[in-house]
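First residue of the sequence shown: 0, per this note's numbering; consecutive thereafter. Every residue gets a Cβ at the ideal spot worked out from N, C-alpha and C, and that includes glycine.
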Amino acid sequence: MGNVKTTRTGKRATQAPAAIDPSAGLLGAVPFACAMFDADGVLIAGNARYREEFGALPEHIRRDALLALLHGDGGDGAPQNSHDGPREVLAPHSGRWYALHWGRAEHAAAPVEVLTAVDISERIETLDSHKNRQEKLLFTSRLMSVGEMAATLAHELNQPLAAIMNYLNGSLRLVEQAGGPVQVERALQAARTQAEHAAAVISRVREFVRAREPRRDAHELNRIADTVLELLRLEAERLQLRIDLGLPANLAPVFADRVMIEQVLLNLVKNAIEAMREIPAARRELRIDARMNLDDQIEVRVSDRGAGLSPAEQDQLFSPFFTTKTDGLGIGLAICRSIIEYHEGRLFFEPREGGGSVFGFTLPRYEART
Ligand SMILES: Nc1ncnc2c1ncn2[C@@H]1O[C@H](COP(=O)(O)OP(=O)(O)OP(=O)(O)O)[C@@H](O)[C@H]1O
Ligand SMILES: [Mg+2]
Numbered sequence: 000m001g002n003v004k005t006t007r008t009g010k011r012a013t014q015a016p017a018a019i020d021p022s023a024g025l026l027g028a029v030p031f032a033c034a035m036f037d038a039d040g041v042l043i044a045g046n047a048r049y050r051e052e053f054g055a056l057p058e059h060i061r062r063d064a065l066l067a068l069l070h071g072d073g074g075d076g077a078p079q080n081s082h083d084g085p086r087e088v089l090a091p092h093s094g095r096w097y098a099l100h101w102g103r104a105e106h107a108a109a110p111v112e113v114l115t116a117v118d119i120s121e122r123i124e125t126l127d128s129h130k131n132r133q134e135k136l137l138f139t140s141r142l143m144s145v146g147e148m149a150a151t152l153a154h155e156l157n158q159p160l161a162a163i164m165n166y167l168n169g170s171l172r173l174v175e176q177a178g179g180p181v182q183v184e185r186a187l188q189a190a191r192t193q194a195e196h197a198a199a200v201i202s203r204v205r206e207f208v209r210a211r212e213p214r215r216d217a218h219e220l221n222r223i224a225d226t227v228l229e230l231l232r233l234e235a236e237r238l239q240l241r242i243d244l245g246l247p248a249n250l251a252p253v254f255a256d257r258v259m260i261e262q263v264l265l266n267l268v269k270n271a272i273e274a275m276r277e278i279p280a281a282r283r284e285l286r287i288d289a290r291m292n293l294d295d296q297i298e299v300r301v302s303d304r305g306a307g308l309s310p311a312e313q314d315q316l317f318s319p320f321f322t323t324k325t326d327g328l329g330i331g332l333a334i335c336r337s338i339i340e341y342h343e344g345r346l347f348f349e350p351r352e353g354g355g356s357v358f359g360f361t362l363p364r365y366e367a368r369t
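Have a look at this one:
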């Protein structure tokens, strides 16, 4: 309704089309920068936002100059009319992003062009930071695959290279015993130097990869759980979360890389806590249990009282980048799975009785491995 009134009072602008009218009736009600240009491309009205955001520019009073500035192409490739739809441009004078739209209208029986410029900087920044995080992650996973490939290559090349060295040494001995020819001897020596160099390169690669290999040993799950809960204590307290532990004191140690298993448990407990953010505080209850299962493995279970998972969500659960959280990357469970599989264990999900989810994993016992 307010709009109708504004249109009526807008009469003032209709009576003086040639002069710049900063109050510009209707334009004043638009919540983003908005300006009107006459048929010659001269500014006839602009609202307060337009004057604030573009007023400092000498170009702001001429349509063509403004187009050239914002589109940065001399105006040639710039949109000529409203059919071109909005364009996202970076305003060089302020560093802000705008969705620009030019529309045709009629004002005081004369054709005019109306420019609207909506500031979309925040959306662009959010998109950028999200893209950055994903790119970093992809880069890390690519680095990991390069590491794996290097390890495989080094391993595969080592055998034939050792054989080549043996043949070269044998041939050199034979040539030496036969007393020549000297060119063959030199060629064989040169070949051996090259092969030694290749072997040195390979052993450096293997050293490099070995330095990052997991180190498995005997570890107690109680200690691992203590470390993880200490890391999440503040968050749990903030949510007034009850934590129950069912970890027998005499549980057999697992054969695992401690830091990696801490990472898995941390991810699962974090997910469980996040799943209970939205439920009433009285129902927020987390359990961590461990026991020896029928296959003689140690089984750890993290149970929450969150909303659980739909069958469709269960299908995608372990795929990288699957997330239902606005601030999630969807990489937690994918990492957990590859760590547990590396340990020859199994990561699993099941619905919890009475509501919620159970995420669990198995690990071999240390004694079963030694
Ligand atoms: N305990 C749980 N209860 C309900 N849904 C869960 C639970 N754990 C995981 N999920 C679902 O699985 C999705 C993937 O989890 P994952 O840990 O891989 O990624 P994320 O938690 O979304 O992000 P991040 O990479 O930061 O961990 C979650 O977005 C959520 O939808
Ligand atoms: Mg997670």
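Pull the bridge partners of residue i from the DSSP assignment, please.
{"i": "C33", "result": "T115"}
{"i": "S356", "result": "P350"}
{"i": "L42", "result": "F36"}
{"i": "A251", "result": "Per DSSP, none; premise fails for A251."}
{"i": "G376", "result": "Since the first residue of the chain shown is 0 and the last is 369, residue 376 is not available in this structure."}
Can you determine whether any heavy atom of ligand 1 sits closer than 7 Å to the C-beta of residue i, and answer yes or no?
{"i": "D303", "result": "yes"}
{"i": "E312", "result": "yes"}
{"i": "I330", "result": "yes"}
{"i": "N266", "result": "yes"}
{"i": "T322", "result": "yes"}
What do you reckon, is the C-beta of residue i under 7 Å from a heavy atom of ligand 4?
{"i": "T361", "result": "You won't find ligand 4 in this model; what it holds is ligand 1 and ligand 2."}
I want to check one thing, is the minimum distance from the CB of residue i to the heavy atoms of ligand 2 below 7 Å?
{"i": "G327", "result": "yes"}
Would residue i and residue j be called neighbours here (beta carbons separated by less than 8 Å)?
{"i": "P247", "j": "A217", "result": "no"}
{"i": "L167", "j": "A190", "result": "yes"}
{"i": "L265", "j": "L230", "result": "yes"}
{"i": "L220", "j": "A289", "result": "yes"}
{"i": "D243", "j": "E273", "result": "no"}
{"i": "L152", "j": "A198", "result": "no"}
{"i": "G355", "j": "D303", "result": "yes"}
{"i": "C335", "j": "L267", "result": "yes"}
{"i": "F31", "j": "V111", "result": "no"}
{"i": "Q182", "j": "L171", "result": "no"}
{"i": "H106", "j": "L56", "result": "no"}
{"i": "M259", "j": "I338", "result": "yes"}
By how many angstroms is the C-alpha of residue j removed from the C-alpha of residue i?
{"i": "R276", "j": "F347", "result": "22 Å"}
{"i": "E195", "j": "Q262", "result": "41 Å"}
{"i": "G359", "j": "V299", "result": "5 Å"}
{"i": "V117", "j": "A64", "result": "19 Å"}
{"i": "I201", "j": "F254", "result": "30 Å"}
{"i": "L69", "j": "T322", "result": "37 Å"}
{"i": "L114", "j": "C33", "result": "6 Å"}
{"i": "R122", "j": "L89", "result": "13 Å"}
{"i": "Q193", "j": "G178", "result": "23 Å"}
{"i": "S22", "j": "N46", "result": "With a pLDDT of 44 at S22, under the threshold of 50, the modelled position of that residue is not reliable, and no figure is offered here."}
{"i": "A333", "j": "P319", "result": "5 Å"}
{"i": "L362", "j": "G344", "result": "5 Å"}
{"i": "W101", "j": "E124", "result": "24 Å"}
{"i": "R205", "j": "Q176", "result": "36 Å"}
{"i": "R237", "j": "I60", "result": "55 Å"}
{"i": "L233", "j": "E58", "result": "54 Å"}
{"i": "P350", "j": "Y97", "result": "47 Å"}
Which of the three DSSP states is assigned to residue i in this structure?
{"i": "P363", "result": "strand"}
{"i": "F53", "result": "helix"}
{"i": "I391", "result": "As shown, the chain starts at 0 and ends at 369. That puts residue 391 outside it, with no answer to give."}
{"i": "L187", "result": "helix"}
{"i": "Q239", "result": "coil"}
{"i": "L26", "result": "helix"}
{"i": "L233", "result": "helix"}
{"i": "L167", "result": "helix"}
{"i": "R345", "result": "coil"}
{"i": "N266", "result": "helix"}
{"i": "L68", "result": "helix"}
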